[in-house]
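Chains as they are written, first to last, in our numbering: chain X, 1 to 111; chain W, 112 to 223.
Glycine is no exception: its CB is placed at the ideal position from the N, C-alpha and C atoms.
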């Protein structure tokens, strides 16, 4: 079982819709969770971080964490074509050295 | 401007010819790390450093070396590159996890 799993996609949503991206992780001791956005050929950039159960909202983005079920999700409201990218889920198990990334979900926002 | 700077951005080399990819950050971060990214495999950690003179292996360290003589610099060395090291490489830094990582712009390496 991979430590951090994401559906590779592509996930296709129409402009203006809500995009829902999911990530599951295997280590119950994981404490910190991050979503990065990566455009093709570019470096990952941080979208959201979340550390406790529940929802965290930042503009059009909402991160949701459920430690009991070991999943974290990212919702993007009012999706725009510029949101088309690969979204990487990253999980820190609590050690100071390890941030494990999923393989990413490719999102396509269609006109 | 706070940033992580990698050089070069693109590099084509031949098997066995030693190369160094430089990485420098201006944020006074303790933690620095190298990742490689390959299609279908995601970002995999090569080496990381918690502070000056402290380095350790990540998930895929074979064929790579690093050093951390100064806080700001964390070069990646390939002593004898092979074609299976053709990849997109990222350097990243943070003020110790779980703080978010800041990534450099990447180095696309091709080994023929």
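For the pair residue 127 of chain W and residue 220 of chain W, the Cα-to-Cα distance works out to about 14 Å.
The straight-line gap separating the alpha-carbon atoms of residue 21 of chain X and residue 100 of chain X is approximately 17 Å. In this structure residue 36 of chain X touches residue 47 of chain X by the C-beta definition: roughly 6 Å separates them, less than 8 Å. Between residue 174 of chain W and residue 193 of chain W a beta carbon distance of about 7 Å is seen, short of the 8 Å cut, so the two are scored as contacting. Contact annotation: residue 169 of chain W and residue 159 of chain W have beta-carbon atoms nearer than 8 Å. Annotation: the continuous beta strand (DSSP E) that includes residue 108 of chain X extends over 105-110.
Considering only X:30, X:17, X:34, X:14, the residue with the shortest C-alpha distance to residue 104 of chain X is X:34.
Put simply, the backbone Cα of residue 164 of chain W is about 23 Å away from that of residue 191 of chain W. Shown here for residue 122 of chain W: same chain residues with a beta carbon closer than 6 Å to its own, the five before and five after excluded, namely 220 in chain order. Measuring C-alpha to C-alpha distances from residue 57 of chain X to each of X:31, X:73, X:85 identifies X:73 as the nearest. Fewer than three Cβ pairs drawn from the region 78-86 of chain X and the region 23-30 of chain X lie within less than 8 Å of each other, which leaves the two stretches out of contact. Boundaries of the beta strand (DSSP E) around residue 157 of chain W: 153-162.
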